[in-house]
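Be aware that the sequence shown starts at 1, since it is given in full-length UniProt numbering, and climbs by one per residue.
To start, the structure under review is shown below, and the notes come after it.
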Amino acid sequence: MTSHVPNEARVIPLRPQATRPQATRPGARPAASPVPPERRPPAAREPLWRDLVGDVLRRERLEQERTLKEVAEAARISMPYLSEVERGRKEASSEVLAAAAGALGLGLGDLLARAQGELIRLTSRHTRPGAGRGASGARFDGMCLAA
């Protein structure tokens, strides 16, 4: 006989929970127990390049007291797209960035240099002294982008 009472719902798991420890390969360290999210230290999030570039474009446009429509027309790109670039929602091509920068009276190099300065400012708070130096200890002053 079963202990099931008629007219009572029961839950049958599709995949039973494993109660035995996971098998590990010889010589491997056991997995560390997970730390609950509330006990983890807050991780410093690296800023995204598209956010930095968008912030620079928006800041320059607002300093010039120009509307999004004016800059988009001068750059010959759509106003919604420029808005998305400024908000960091779109990863714009170098042609679009050059057009937007040009519409604001900046060169592409000026735009990228300002974004690099912002990146350094934001990340210098989160890094230890000597971080960002290669194995030789030389400091990198240039900008490096990778695709």
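We put the beta carbon where it would ideally sit given N, CA and C, even for glycine.
*Could you give the distance in angstroms between the alpha-carbon of E63 and the alpha-carbon of P47?*
23 Å
_Need the endpoints of the alpha helix (DSSP H) that R50 sits in, please._
49 to 63
*Which of helix, strand or coil DSSP assigns to E91*: coil
*Please state whether DSSP places R125 in a helix, a strand or coil.*
coil
*Look up R39 in the DSSP assignment and say whether it is helix, strand or coil.*
helix
*Cα separation between D55 and G88?*
8 Å
_With 16 other Cβ atoms within 10 Å as the buried cut-off, status of E95_ = exposed
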